[in-house]
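Engineer: Mind looking over this structure? Questions follow.
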Amino acid sequence: MEEDVLLVTDVEIEGSSPSGGVVSVWTLNRPEKLNALNEKIHLSIKKQCKRVDSDDRVRCVIIRGAPPLEPPEGKRKKPNSFAAG
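Numbering (numbering that gives the first Met the number 0), first residue to last: 0 to 84.
Laid out in structure tokens, this is it:
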């Protein structure tokens with residue numbers, strides 16, 4: 000089964016006026032690729048944009064990335080070196 004590349008959660012806003020508002024939280028779910036965008040994520044984002052455009056309850060959209068995967072012990076990559084100049 001293929002994993003969803005975009006996880007969507009609608010969080011209800013308490014005390015919003017008018018009532019019934021939600022914040023839509025979108026999580027890019029490709030931690031093995033550092034949540035880099037690809038065609039599948041692009042299409043998922045377009046689909047969700049159409050959904051929230053037609054849903055008057057959505058007050059705000061938050062887009063975030065899934066946390067990175069922990070590397071196996073002793074397999075941490077060295078950071079890229081930087082040479083000024």
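Ideal placement from N, C-alpha and C gives every residue a C-beta, glycine not left out.
Where do the ends of the beta strand (DSSP E) carrying residue 9 lie?
Structural biologist: Counting from one through the sequence shown, the residue named residue 9 turns up at place 10. Counting along the chain, the beta strand (DSSP E) containing residue 9 begins and ends at 5-11.
Engineer: What is the DSSP secondary structure of residue 42, counted as helix, strand or coil?
Structural biologist: As a working note, residue 42 is residue 43 in the sequence shown. Reduced to three states, the DSSP call for residue 42 is helix.
Engineer: Give the C-beta separation of residue 31 and residue 68 to the nearest angstrom, bearing in mind that I take them to be a contact with Cβ-Cβ under 8 angstroms.
Structural biologist: On the sequence shown, position 32 is the one that residue 31 refers to. On the sequence shown, position 69 is the one that residue 68 refers to. With a Cβ gap of about 6 angstroms, residue 31 and residue 68 count as contacting.
Engineer: In angstroms with no decimal places, state the Cα-to-Cα distance between residue 80 and residue 72.
Structural biologist: Numbered from 1 along the sequence shown, position 81 holds the residue referred to as residue 80. Numbered from 1 along the sequence shown, position 73 holds the residue referred to as residue 72. Roughly 22 angstroms between the two C-alpha positions.
Engineer: How should residue 23 be labelled, buried or exposed, when 16 other C-beta atoms within 10 angstroms of its C-beta is the threshold for buried?
Structural biologist: Within the sequence shown, numbered from 1, the residue matching residue 23 stands at position 24. Per the 10 Å Cβ criterion, buried.
Engineer: Run the CB neighbour count on residue 0, radius 10 Å, all protein chains shown included, and call it buried at 16 or more, exposed below.
Structural biologist: Position 1 of the sequence shown, counting from 1, holds the residue named residue 0. Any reading at residue 0 must be qualified, since the residue scores a pLDDT of 36, below 50, and its modelled position is unreliable; the value itself is stated next. So residue 0 counts as exposed.
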